[in-house]
Each structure stands twice: as C-alpha cells, then as structure tokens.
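Student: Structure below; questions to follow.
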Amino acid sequence: MLGFFRRKKPETPPAVPATDAPPAAGATGGPDAPAPDASVHDVSVQHAPAPQADAAVAAPASAPDEPLPAEIIAAAMDVDARAAVEPVVSEPAVPEPAVSEPAVPEPAVSEPAMAEPGPGAFAEPASAPAGEAAAPGKKGWRDRLRGSAFARTLGGLFSRNPRLDDDLLDEIETALITADVGVTATTQLIQDLRKRMKAREFADAGGLLRALRQDLLAILAPVAVPLEIDPKAGPFVLLTVGVNGVGKTTTIGKLAKRFKDEGRPLMLAAGDTFRAAAVAQLQAWGERNGVPVVAQGQNADAASVAFDALQAAKARGTQVLIADTAGRLHTQQGLMAELGKIKRVLQKLDPGAPHEVLMVIDGTTGQNALSQLRQFHAAVGVTGLVVTKLDGTAKGGVVFALAREFGIPIRYAGIGERPEDLRVFDAQSFVDALLPESLGN
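Here the sequence shown stands for residues 67 to 507, numbered as in this note's numbering.
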C-alpha cells in the first residue's frame with residue numbers, strides 16, 4: 067500500500083569508470099556502502115541495478131524522493147491491516163418492492179366449539195342468495211347423456227339402418243356388454259330378442275329397436291322410485307355412504323339445495339372427519355344454501371357428530387337431517403363396521419333412524435359397482451341409490467346391471483355439475499337419452 071503513494075523515478079545505470087581499477091570506497095557512498103564483489107569482472111556488471119544509495123550518488127542530477135506525510139503513511143498502514151483481517155462483505159441487491167393486489171376475503175366458516183356437545187353445537191350460516199330454479203326432470207337428459215358409450219355404440223348401430231339378422235343381434239350383444247350392462251342382463255335381453263325375431267315379430271331393424279327399448283324400460287321401471295320424505299319422522303334422517311371419490315359431499319350439497327327450494331327445514335352433519343377439508347366443503351355448501359351444519363374437528367368420531375346433529379335437529383324441529391360419512395373401500399371390513407356403529411348410535415335417539423341409507427355410486431365405475439353395493443348393503447342396509455357422473459365418460463349400462471341384480475330404488479341421477487343437474491331418476495327419460503326411438507326411422 068505504501069508503494070501507491072511513493073513516486074518511482076527512472077533508474078539510470080551507473081557511470082563506467084575509464085580505468086579498470088575499481089573505484090575507491092569513499093567514492094561509492096561512504097563507509098556504510100557495501101564493497102563490490104572482487105570476483106566479478108564482466109562488463110555485465112555495469113547493467114545490473116545498483117543499490118539505492120549508489121544510484122543516488124551516481125546520478126546526482128535526479129531529484130530525490132519527496133518524503134510522504136506521516137498521516138498518509140499511517141492511514142495506508144491502517145488500510146492494509148484491515149484488508150488483511152476483515153472479509154469482504156458484498157451488499158445484497160435490494161429488490162424492488164412487490165406490489166401486492168389486495169386479497170379478496172373468503173367467507174368465514176365458523177365451526178362450533180364442541181367442548182359442550184348438544185343442540186346448540188352447530189354453525190348457523192348466513193342466508194344464501196336465491197339460485198336458479200331446478201330444471202324439469204326430463205329436460206336435458208339427451209344432451210347430457212349422448213356422449214356415453216351406450217348411446218354412441220347402439221346409436222351408431224341403428225342409425226345405419228342395419229339388416230335384421232343374427233349378425234345384428236351379435237353386434238347388439240357386444241355393445242351391451244361393452245356398455246357395462248353385464249353378462250347376465252345382456253344374455254337375458256339377447257335371448258328374448260332372438261326368440262321373438264325367429265317368431266317373425268319384427269318386420270325390420272326398427273321393430274327390433276322398439277322391442278329392445280321396451281325390455282330396457284322393463285328393467286328400470288321397478289327401481290325408478292322417488293324419495294319420499296316422511297314429515298312425521300321428526301326429523302327424517304338421511305345417511306349417505308359410498309366409497310372414496312364418488313361425490314357424496316357434493317351430492318349432499320345438491321340435495322340441500324333441492325330440499326331448501328321445497329321449503330323443508332333441514333340440517334347437515336359433517337360426518338366425514340377423515341378427509342382433509344371435507345368439513346369445510348360441507349360448510350361451504352351450507353352457507354351457499356342457507357342451511358346449518360353440525361361439525362366437529364378433524365379426526366373426530368363420526369358417530370359422535372351424527373349423535374349431536376340428531377339432538378340438535380330434534381331440539382330445533384328440523385324436518386330433514388342429512389349426515390355425511392367418510393368414503394371407505396368396501397373391502398376394508400374394519401371401516402365398514404364403523405358404518406354399523408353410526409347406525410346404532412343414531413338408533414339410541416330414534417329407533418327408526420336412519421330412515422334412508424342413500425349410497426352414492428360413481429357411474430364410471432363399471433361392474434365394480436355391483437360388489438360395492440353388495441358390501442355396503444350387508445353393512446348398513448342400503449335403501450336408495452344415487453348414480454353420479456353420468457354426463458362424462460360413464461358408459462351408462464351399469465344402471466341396468468344394478469337394477470336387475472339388487473332391485474334397490476334409484477332415487478337420483480347426476481348428469482351435470484350444477485345443483486339442478488341432480489335429477490330425480492326417470493326410467494323413460496334415461497332410456498330415451500341413451501337409445502332414442504327416432505334411430506329406427
């Protein structure tokens with residue numbers, strides 16, 4: 067650092083004496099100057115840099131170095147000392163302040179404190195805005211179900227005006243099995259059609275289509291029974307069950323909208339305490355429809371929630387109580403036994419409860435829905451069905467398999483996402499949507 071403040075002057079080689087004899091000691095800078103090495107006799111000695119004292123004597127014309135002020139030397143030494151011990155710290159770049167948009171506050175869903183369970187342990191939501199009126203039952207069935215595999219395969223088969231022969235029956239059989247109608251139901255349908263065709267009851271493929279429609283209606287007509295609410299039940303307890311992901315909580319929200327529009331006082335019980343955000347989801351449906359929701363914390367006992375909800379419903383004179391349950395696989399016997407516990411706990415307050423055990427079935431499940439219904443029916447005694455997601459990639463034929471195998475009433479069918487798309491099951495509208503009579507013309 068001192069070298070930064072010292073000005074260097076150009077070095078000049080020392081003058082070469084005229085004689086070969088070395089200069090005297092007094093001529094080279096006094097008694098303190100070192101004596102030259104006597105062993106060096108080469109002329110290259112003349113170009114070697116001389117000590118600073120010798121250079122000053124050899125070139126007296128050059129100006130001597132100016133002395134540096136003491137304060138500059140002290141400052142330079144202080145800087146060098148600090149640079150040797152202090153690490154270099156780089157200042158981080160200061161980011162530009164982010165401009166945050168104001169957050170839209172979500173509606174607060176107040177959960178009741180369950181320290182003292184009882185009739186008052188529920189959250190009373192704010193009144194919901196008036197929604198659209200539910201559409202009539204038959205409107206939109208064809209538009210919603212035309213994309214199903216059942217409608218595409220059989221519709222394409224009859225729309226090309228096929229010949230009336232055994233090959234046509236074979237194609238119909240393949241289409242029915244592919245659409246999840248089931249082997250047993252399909253075999254029965256094809257045998258009946260083949261017998262009538264050999265008896266020459268059909269003049270063309272259009273006659274065969276009409277006969278197939280009649281057979282399909284005959285399968286669904288006995289199970290197309292709407293849900294009847296008994297006003298004397300006080301309250302009418304509706305317990306929803308099903309496997310994971312079939313849409314139980316969404317179905318409860320749509321049912322709440324329907325019953326609210328009918329003027330029925332009702333209450334919801336958030337019994338799905340296992341799935342994350344299931345309680346909040348049901349409370350959001352309650353706020354939307356203006357319906358109180360009884361809820362406890364995460365991982366609470368579902369039977370306890372149902373018990374508290376039934377007590378609260380009785381104290382308030384509620385007409386309908388819809389209880390949600392956690393989704394569970396029908397192969398898990400321990401989880402299926404919990405459903406039986408919920409039913410027994412409800413019967414301690416009301417021996418007739420639950421008055422309806424509504425099982426929600428995913429329409430895209432296929433033939434696995436038969437084994438699901440078999441296990442749930444053995445555990446809690448299913449009294450009604452809701453088949454959902456029929457407007458998507460569902461094949462639709464599983465409805466015929468369920469009706470023929472169990473004969474349990476199909477209460478509702480989900481053919482869309484809106485609340486009014488949960489329709490009361492209508493066998494005629496369902497068959498017309500999947501297999502229109504106009505295909506035979």
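Even for Gly, the Cβ is constructed at its ideal location relative to N, Cα and C.
Going by DSSP in three states, Phe491 sits in which element: helix, strand or coil?
Tutor: Phe491: coil per DSSP, three-state reduction.
Student: Considering Cα atoms alone, identify which of Gln349, Glu503 and Gly319 is closest to Gly480.
Tutor: Ranking Gln349, Glu503 and Gly319 by Cα distance to Gly480 puts Gly319 first.
Student: Looking at the unbroken beta strand (DSSP E) that takes in Asp428, where does it start and where does it end?
Tutor: Unbroken beta strand (DSSP E) run through Asp428: Glu422 to Asp428.
Student: On the CB-based measure, 16 or more other CB atoms within 10 Å of its CB, does Gly393 come out buried or exposed?
Tutor: That one is buried.
Student: Report the rounded CA-to-CA distance for Met402 versus Val307, giving the unit in angstroms.
Tutor: If you take the alpha carbons of Met402 and Val307, they lie about 10 Å apart.
Student: Name the two residues that bound the continuous alpha helix (DSSP H) containing Thr250.
Tutor: Val249 to Lys264 is the extent of the alpha helix (DSSP H) around Thr250.
Student: Under the three-state reduction of DSSP, which class applies to Thr449: helix, strand or coil?
Tutor: Coil, per DSSP.
Student: In the DSSP assignment, find the beta strand (DSSP E) that holds Gly480 and state where it starts and stops.
Tutor: Looking at the DSSP string, the run of the beta strand (DSSP E) that includes Gly480 is Ile476 to Gly480.
Student: Which word fits Val247, buried or exposed, when buried means at least 16 other C-beta atoms lie within 10 angstroms of its C-beta?
Tutor: Burial call: buried.
Student: For the beta strand (DSSP E) containing Phe302, list its first residue and its last residue.
Tutor: Start and end: Phe302 to Val307.
Student: In chain order, what residues of the same chain lie with their CB nearer than 7 Å to the CB of Ala290, ignoring the 5 residues before and after it?
Tutor: If we look at Ala290 and ignore the five residues flanking it on each side, its Cβ neighbours are Ile476, Phe491, Asp492 and Ala493.
Student: Measure how close the beta-carbons of Leu412 and Ala467 come, nearest whole angstrom, since I'm counting them as under 8 Å.
Tutor: Wrong, their Cβ atoms sit about 31 Å apart, outside the cutoff.
Student: Rounded C-beta distance between Leu230 and Ala271? I'm assuming under 8 Å.
Tutor: At roughly 5 Å, the Cβ-Cβ gap stays under 8 Å, so Leu230 and Ala271 are in contact.
Student: So which of Pro228, Leu304 and Ile256 has the shortest CA-CA distance to Asp416?
Tutor: Minimum Cα distance to Asp416 is reached at Leu304.
Student: Quick one: what does DSSP say Pro173 is sitting in, helix, strand or coil?
Tutor: Low confidence applies to Pro173: its pLDDT is 35, below 50, so where it sits in the model is not reliable, and the reading given next is rough at best. The answer is coil: DSSP assigns Pro173 none of H, G, I, E or B.
Student: For Thr454, which three-state DSSP category applies?
Tutor: In the structure shown, Thr454 sits in a strand (DSSP, three-state: E or B).
Student: My understanding is that Ala335 touches Val309, with C-beta atoms under 8 Å, so please give their C-beta distance in whole angstroms.
Tutor: Not confirmed; about 20 Å, so no contact.
Student: Please tell me whether Lys461 and Ala241 are closer than 7 Å, where the distance is taken between their beta carbons.
Tutor: No, they are not a contact pair.
Student: Bridge partners for Met333 per DSSP, in chain order?
Tutor: DSSP lists Leu387 as partners of Met333.
Student: Between which two residues does the alpha helix (DSSP H) containing Leu321 stretch?
Tutor: Taken as a continuous stretch (DSSP letters only), the alpha helix (DSSP H) holding Leu321 covers Lys314 to Asp327.
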